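All residue numbers in the sequence shown are consecutive under the numbering used here, ending with 149.
Glycine included, every Cβ here is placed at the ideal spot set by N, Cα and C.
What you are looking at is a predicted structure, and each value in this text was computed from that prediction instead of being measured.
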Amino acid sequence: MKVAVACDHGGFALKRVVNDTLEALGAELTDLGTDSTSSVDYPDYAHKAVNMLLTGACDRIVLICGTGIGMSIHANRCRGVRAALCHDSYTARMSRLHNDANCLILGGRVTGPGIASDIVEVWMKTPFEAGRHAARLSRMEELTGKINE
Ligand code: RB5
């Protein structure tokens, strides 16, 4: 699976753990930066990854900022992105089973390395359940599409 990862300075430290976990799982990884703890603007990095996802250049994306909140707001404003800010493996599993999340968000100042690695592993391995959940996602597209008209 092709996975692109992007972070801001608040997510930089956790990105190494995320990348190591993804590579251990056999993912084809693209690291879009940032590459240091120097201050950057998270929308710029979120958008690099979102562009890759929405153009089909990758299958899924992982975004990391300090809390995960800014990255979540940005990603979920982009139609076609289903971003899940996860703090534990239960929400990571459910984000795949019920929401078909194609974007995982982590808070680099919130979630420790061991839990983050578990979250990434569960999120990568869990399939979408489809069925009634697919119908709900279609309904979501229908309703939000009207707002965006
Ligand atoms: C950067 O200081 C911080 O605001 C950012 O990483 C993120 O937490 C925003 O939501």
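Is residue i near the ligand RB5, with its Cβ less than 6 Å from a heavy atom?
i: Cys65; result: yes
i: Asp8; result: yes
i: Ile105; result: no
i: Ile119; result: no
i: Ile115; result: no
i: Tyr42; result: yes
i: Gly70; result: yes
What three-state label does DSSP hand residue i in the structure shown?
i: Val17; result: helix
i: Leu106; result: strand
i: Thr67; result: coil
### Message
Closer than 8 Å is the cut-off here; do at least three beta carbon pairs connect the segment 115-128 with the segment 91-105?
### Response
Output reads yes: the segment 91-105 touches the segment 115-128.
### Query
Looking at C-beta atoms only, is the number of pairs between the segment 77-84 and the segment 112-121 that lie closer than 8 Å three or more?
The answer is no - the segment 112-121 does not touch the segment 77-84, with fewer than three Cβ pairs under 8 Å.
### contact_flag[the segment 23-38, the segment 1-9] where n(CB pairs < 8 Å) is 3 or more
The segment 23-38 vs the segment 1-9: in contact.
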